[in-house]
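Asks: Each residue of the sequence shown is one higher than the one before, counting from 64 in our numbering. The following block contains the structure, expressed as structure tokens.
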Amino acid sequence: MIPDSNKNSDDLRVQLKQKSTDELIQLALTSRDDEGDAPSWDAIWALRYRATREVFEAAKTLCESHDPLKRMVGVDILAQLGLPTRSYLDETLDIFFNLIDTEQDNRVLNSVGVGLGHISPEPRKVKPLLKLKNHPDPEVRFGVASGLCCEEDPLAIQALIELSSDEDPDVRDWAAFALGTQIDVDTPQIRAALFKRVSDPDDDSDAPGEALLGLAKRHDERAFEVIVQHLEAGNAGILIFEAAISLADPRLYSSLVKLRDDPDYANSERDSLEDAIVACKNQV
């Protein structure tokens, strides 16, 4: 018999709900490792949903610990405490900003940056995050790109433009994603940064696709030629199809239809292909 995954998930939620805050924190700490830390995240999510003053104070204490693992778990709890509404936001920001100024462990700084990315839009975080923009560790710079996502402050946008040319592919990828589709601002500088990523033949990350989607969203004419190149070469993926949907250019229709009989596309990609065909056909 195949296990009922939904039932297992429901049972787990009931079990976690019955645990005390201290028990959940111990589970989060003892099950955190590089190979499989799902139990840790299950405990963290249970604490986030609980979102009592007791949970906040416990997470705050973790953030003040001498143990970087405890600080990281504390940050992860606070990052989305009280979802879908936010609990103790001002106090959480104070803790995160203090860590930006004092933290020496790169993993904790990464967690702070990513955590601030879940608190958006929030203009108060921009200047503190900029202090880490040129950090030597790419995980920290990735945290900055993540933290600045969805912010339309000119300083945040300039930082993301710079990070979109970072030497690390994951940093470039997230910065291109943030610039391309997570803000509505449209400037020549943003378009230039996105096109630079699109036209980089040595970039094998998702950054070119994210950048192309950003150009298509802004109806930049240069997006058309790049989309056609991918379609004709048969190496289009979901991001290319999403770019075609955003551009909705009837000139793409015939190239898209040709891919219908290609057996190499997975079902998820095929759904995006059909959506792109419909978007471009409607413009014919």
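Ideal Cβ positions, reconstructed from N, Cα and C, are used throughout, including at glycine. Predicted model, so just to flag it, every value in this text is computed and none were measured.
Within 10 angstroms of its Cβ, does H293 collect 16 or more other Cβ (buried), or is it exposed?
Replies: Burial call: buried.
Asks: Going by Cα to Cα distance, which pick from V189, S183, M135, C212 is closest to S174?
Replies: The candidate whose alpha carbon is nearest that of S174 is M135.
Asks: Among Q245, F159, G206, which residue has its Cα nearest to the Cα of C213?
Replies: The shortest Cα separation from C213 among Q245, F159, G206 belongs to Q245.
Asks: K280 to L141, Cα distance in whole Å?
Replies: Roughly 33 Å between the two C-alpha positions.
Asks: Give every residue of the same chain whose Cβ lies closer than 6 Å to the Cβ of L110, excluding the five residues on either side of it in the sequence, and list them in chain order.
Replies: Excluding residues within five positions, the ones whose Cβ falls inside 6 Å are L87, V118, I140.
Asks: So what's I253 in DSSP terms, helix, strand or just coil?
Replies: It is helical.
Asks: State the start and end residues of the unbroken alpha helix (DSSP H) segment that holds H293.
Replies: Residues 285 to 296.
Asks: Compare the C-alpha of T165 against each of S128, G180, D153, L75 and name the closest.
Replies: Measuring from the Cα of T165, the nearest candidate turns out to be S128.
Asks: Could you have a look at S103 and say whether DSSP puts it in helix, strand or coil?
Replies: Helix at S103.
Asks: Starting from V234 and walking both ways along the alpha helix (DSSP H), at which residues does that stretch end?
Replies: Taken as a continuous stretch (DSSP letters only), the alpha helix (DSSP H) holding V234 covers 232 to 244.
Asks: If we ignore side chains and look at the alpha-carbon of each, how far apart do P201 and I182 end up?
Replies: Using only the alpha carbons, I get a separation of about 21 Å.
Asks: From this set, L152, D247, A106, which residue's C-alpha is nearest K123's C-alpha?
Replies: For the residues L152, D247, A106, the minimum Cα distance to K123 belongs to L152.
Asks: If you measure between the beta carbons of L179 and C126, is that distance less than 8 Å?
Replies: Not in contact: L179 and C126 (Cβ atoms no closer than 8 Å).
Asks: If you draw a straight line from the C-alpha of D67 to the C-alpha of E288, how long is it?
Replies: Bear in mind that the predicted position of D67 carries a pLDDT of just 43, short of 50, making it too unreliable to give a figure here.
Asks: Taking all protein chains shown into account, decide if S317 is buried (16 or more other Cβ within 10 angstroms of its Cβ) or exposed.
Replies: Exposed.
Asks: Mapping DSSP to helix, strand and coil, what is C343?
Replies: If DSSP states are grouped into helix, strand and coil, C343 belongs with the helices.
Asks: Pick out whichever of D312, E337, A311 has its Cα sitting closest to the Cα of G300.
Replies: Closest by alpha carbon: E337.
Asks: Can you give me the C-alpha to C-alpha distance between P147 and E332, rounded to a whole angstrom?
Replies: One C-alpha to the other measures close to 30 Å.
Asks: Report the three-state DSSP secondary structure of E120 (helix, strand or coil).
Replies: In this structure, E120 counts as helix in the three-state DSSP scheme.
Asks: Between A219 and L211, is the Cβ-Cβ spacing less than 8 Å?
Replies: Result yes, Cβ atoms of A219 and L211 sit closer than 8 Å.
Asks: As a quick exercise: from D100, I107, A296, A101, pick the residue whose alpha carbon is nearest that of K82.
Replies: Closest by alpha carbon: I107.
Asks: What do you reckon, are the CB atoms on F258 and R235 nearer than 8 Å?
Replies: No, they are not a contact pair.
Asks: N345: which of D312, V189, D73 sits nearest, CA to CA?
Replies: Ranking D312, V189, D73 by Cα distance to N345 puts D312 first.
Asks: Can you tell which of R76, T115, N197, E120 has its C-alpha closest to the C-alpha of W104?
Replies: Comparing Cα-Cα distances from W104 to each of R76, T115, N197, E120, the minimum goes to R76.
Asks: For I303 versus A342, is the C-beta distance shorter than 8 Å?
Replies: The answer is no: Cβ separation not under 8 Å.
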